[in-house]
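Residue numbers (full-length UniProt numbering): 1 to 231.
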């Protein structure tokens, strides 16, 4: 829309403008996020990113080839670009609440993604007494409620959520024996290290189940960075 407006009004900029649609910025299907821009910036290795797979085992490179999105241009920065700019809608409420038309970003907040797998014991629902259950989902639910509470203790507009849950064997009449779920926190750098530690230490899981074994893993992480120029 911006470039269209510039063209429609015959506005000539000091430098040429090119439009880029980075591949997989959100990391919804393939992880990590920002795969295209990360490779371009030298943060990610292109061959490692090609080998990432989705939940069904489909390779990232194979899918790019299937849809015709694997280009021939080298995925690396060049000195011909003066700057990189991103125009973005505000996905939060702050501009609207403050009745501002536009906001200038002074920095990019940090984030950390991860997950936990709880291993319990899958049993038949009907004959297994409550006190003998080793329910992985109950243990996971306790930690998920902590993910909701942690941002309130950190402040600084910290947010957190659980966006993915996989309970196995995923049967209506079976006690879950294995549950994997993810967590995502977005916050300032001084708070970033506090979130994963708190999540991986469930407070009430042992009280709610007989024995469950948690295994935490990290999916992605980025620190806060100021935008250019910094002064």
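Every residue gets a Cβ at the ideal spot worked out from N, C-alpha and C, and that includes glycine.
These numbers come from a predicted model, not from an experiment.
If we count the other Cβ atoms within 10 Å of its Cβ and call it buried at 16 or more, is residue 202 buried or exposed? Unreliable placement is indicated for residue 202, whose pLDDT of 47 sits below 50; the coordinate value is still reported in the next sentence. Buried: at least 16 other Cβ atoms inside 10 Å.
Spatial neighbours of residue 168 within its chain, please: C-beta separation below 6 Å, excluding the five flanking residues on both sides. 178
Compare the beta carbon distance of residue 151 and residue 160 with 8 Å and say whether it is the shorter of the two. yes
Just reading off the beta strand (DSSP E) that residue 152 is part of, what are its end residues? Premise fails: residue 152 lies in the alpha helix (DSSP H), 136-154, not in any beta strand (DSSP E).
For residue 103 and residue 90, which I take to be in contact (beta-carbon distance under 8 Å), what is that distance rounded to the nearest angstrom? Contact holds; Cβ gap of about 7 Å.
Less than 8 Å between the CB atoms is what I'm expecting for residue 182 and residue 115, so what's the real figure, rounded? 4 Å
Note down, in chain order, each residue of its chain lying with its Cβ closer than 7 Å to the Cβ of residue 125, except the 5 sequence neighbours on either side. Excluding positions up to five away in sequence, the list reads 173, 174, 175.
Ranges of the beta strand (DSSP E) found wholly within the segment 86-143, counting only runs of at least 3: 110-119
With residue 165 as the anchor, note down where its beta strand (DSSP E) starts and where it stops. Residue 165 -> beta strand (DSSP E) spans 165-168.
Can we say the segment 51-63 touches the segment 72-91, given the rule of at least three CB pairs closer than 8 Å? no
By DSSP, does residue 68 sit in helix, in strand, or in coil? Taken through DSSP and simplified to helix, strand or coil, residue 68 comes out as coil.
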